[in-house]
Amino acid sequence: MDKKPILFNFGGVMLTVSLFTVLPFIVCLMWTVIISLDNAGGWKKYDRAYLAAFMLACSLLYLGHAVHFNSAQGSMSFVDCIYAGTNLWVYPLFYLYLRQLTTPVKLRWNAALAILPGLLVFLFSVYELYVLGRLDITHKLNRFLFPVTVVLSSTGGFLRIEKHNRLVRELYSNTEKKTYGQLLWLMVLMLIASVVSIGLNHVGRDYFGRDILLAVPSSFFSAVLFAIAYVGSRIEFAAQDAAVDFPEPPEAEPDDGIDSLVGLASRLDAIMTEGALYQQPNLKITDLAEAVASNRTYVSKALNGIKGMSFSDYVNGYRIAKAKELLLSEDSYTMSVVAEKSGFLSDTTFYRQFKALTGLTPSQWLKTVKG
1 MDKKPILFNF GGVMLTVSLF TVLPFIVCLM WTVIISLDNA GGWKKYDRAY
51 LAAFMLACSL LYLGHAVHFN SAQGSMSFVD CIYAGTNLWV YPLFYLYLRQ
101 LTTPVKLRWN AALAILPGLL VFLFSVYELY VLGRLDITHK LNRFLFPVTV
151 VLSSTGGFLR IEKHNRLVRE LYSNTEKKTY GQLLWLMVLM LIASVVSIGL
201 NHVGRDYFGR DILLAVPSSF FSAVLFAIAY VGSRIEFAAQ DAAVDFPEPP
251 EAEPDDGIDS LVGLASRLDA IMTEGALYQQ PNLKITDLAE AVASNRTYVS
301 KALNGIKGMS FSDYVNGYRI AKAKELLLSE DSYTMSVVAE KSGFLSDTTF
351 YRQFKALTGL TPSQWLKTVK G
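For the sequence shown, my numbering gives the first residue as 1, with consecutive numbering after it.
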């Protein structure tokens, strides 16, 4: 039975290739080409080669889907073998991309072990198809191994992004474009996609033999993958950059007890107030440590242990306090001037930090205070 879906009939010519069967493939292939050719953005530095490899694997995966949905029911081909392998490569490759993005050292050869299960399944599928004339065992292996790769890759990805974001907040006062907030949200979408993928993996692709049903997963995965590629291609900061800014390993922590940390915290408050260091937009923890004749490890320990906050939150607290002072002054400063004088690099960061700390925008806060 021919299972080719018919999208529409125009001028007596029946177009038998459904848009929804090829949409994810087109999206992934397009981004594979864009990322691979975008050398101007320094894609090697930000490990976009891994992102390109991830999108290429997705392209091959959805090529398998497209061929499957536009072939005679029950037919098998080499493309099904490619699908079997790439189905187990996608999430591990995305994890490797995140790992390289959040690690200051290059991945070693053993990182390839992440895609070994997919490679072995691919090789076995070739044997099963061309020697045994079926793919039954391959499908069973996929249904068992796919959830495992999803869980391990997603968990590892979340942990690495969170660790990177914490490190950035401990080192920089200005975290704009350095943390991976957007990528974290995309990981949430990837997790949702994972659950959907696992469900669809058990339901089977043949359940979506009609366009009206196929449109839902096709549109969803196309949108998620487009967003991941778009955000990844615009990342401007990676762990390698932090390694350049902080080339030396963290200094040993003096073992002077809690009283010494309390004293250091007081000195930090004094230097921040008297020296107004917070007005330096690109202030780093090493700058503050140097100002109090200490080291960044000890300063970080004092801020976390005594103040209960990261370096970034500590500095931005002073910046918001300065912004409030300027907003209440008799001088009519524009919001841009207030942001600049308070030490923020941009109005966007100023508004975001102000609302995060007060729950209100600067204008709302001013109206509330003045009544």
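The beta-carbon is built from N, C-alpha and C at its ideal position, and this holds for glycine as well.
| Whole-angstrom C-beta distance between Ser-222 and Leu-23, which should lie under 8 Å | Residue 23 sits at position 23 when you count from the first residue of the sequence shown. Residue 222 sits at position 222 when you count from the first residue of the sequence shown. Confirmed, Cβ separation roughly 5 Å.
| request: Answer with buried or exposed for Asn-295, where buried requires no fewer than 16 other C-beta atoms within 10 angstroms of its C-beta. | output: What you label residue 295 is simply residue 295 of the sequence shown in a count that begins at 1. Classification of Asn-295: buried, given that the 10 Å Cβ count is 16 or more.
| said: Can you tell me whether Lys-355 is helix, strand or coil according to DSSP? | reply: If you number the sequence shown from 1, residue 355 lands on position 355. Three-state result, Lys-355: helix.
| Where the alpha helix (DSSP H) through Phe-94 begins and ends | Taking the sequence shown and counting its residues from 1, the one referred to as residue 94 is at position 94. Annotation: the continuous alpha helix (DSSP H) that includes Phe-94 extends over 90-101.
| Just the Cα atoms here: how many angstroms apart are Ser-266 and Leu-145? | Counting from one through the sequence shown, the residue named residue 266 turns up at place 266. Counting from one through the sequence shown, the residue named residue 145 turns up at place 145. Rounded to whole angstroms, Ser-266 to Leu-145 spans 55 Å at the Cα level.
| Same chain only: Cβ atoms within 6 Å of Phe-10, ignoring 5 sequence neighbours per side | Here residue 10 refers to the residue found at position 10 when the sequence shown is read from its first residue. The predicted model places Phe-10 with a pLDDT of 40, which falls under 50 and marks its position as unreliable, so this point remains unresolved.
| task | Please state whether DSSP places Lys-367 in a helix, a strand or coil. | result | Residue numbering aside, residue 367 sits at position 367 when the sequence shown is read from its first letter. Helix, per DSSP.
| said: In whole angstroms, give me the CA-to-CA distance for Leu-119 and Ala-57. | reply: As a working note, residue 119 is residue 119 in the sequence shown. As a working note, residue 57 is residue 57 in the sequence shown. Rounded to whole angstroms, Leu-119 to Ala-57 spans 12 Å at the Cα level.
| message | Distance cutoff 7 Å, beta carbons only. Does Phe-144 sit that close to anything in chain B? | response | Among the chains in the structure shown there is no chain B, since it carries only a single protein chain.
| field | At least 3 beta-carbon pairs within less than 8 Å: the stretch 224-237 vs the stretch 181-193 | value | A contact between stretches requires three or more CB pairs, one per stretch, nearer than 8 Å, and the stretch 224-237 meets this requirement with the stretch 181-193.
| query | Can you tell which of Trp-89, Tyr-83, Tyr-130 and Val-216 has its C-alpha closest to the C-alpha of Tyr-62? | reply | Taking the sequence shown and counting its residues from 1, the one referred to as residue 62 is at position 62. Comparing Cα-Cα distances from Tyr-62 to each of Trp-89, Tyr-83, Tyr-130 and Val-216, the minimum goes to Tyr-83.
| Going by other Cβ atoms of all chains shown within 10 Å of its Cβ, with 16 needed for buried, is Asp-80 buried or exposed? | As a first step, residue 80 is located in the sequence shown; it is residue number 80 there, counting from the start. By the 10 Å Cβ count, Asp-80 comes out buried.
| query | Using 8 Å as the Cβ pair cut-off and three pairs as the minimum, do the stretch 164-174 and the stretch 132-140 touch? | reply | They do not touch, by the three-pair rule.
| said: Under 8 Å, with one C-beta from each stretch per pair, do the stretch 317-336 and the stretch 295-304 reach the 3-pair mark? | reply: Three or more beta-carbon pairs separated by less than 8 Å are not found between the stretch 317-336 and the stretch 295-304, which leaves the two stretches without contact.
| For the alpha helix (DSSP H) that contains Trp-389, what are its first and last residues? | There is no way to answer for residue 389, as the model of the chain reaches only from 1 to 371.
| request: Under 6 Å Cβ to Cβ from Leu-98, same chain only, skipping five residues before and after it: list those, please. | output: Locating residue 98 in the sequence shown gives position 98, where the first residue counts as 1. Only Gly-157 and Arg-160 meet the Cβ criterion.
| How many Å lie between Ser-125 and Leu-116 at the Cα? | For the purposes of this step, residue 125 is identified with residue 125 of the sequence shown, where counting begins at 1. For the purposes of this step, residue 116 is identified with residue 116 of the sequence shown, where counting begins at 1. Their backbone Cα atoms lie some 14 Å apart in a straight line.
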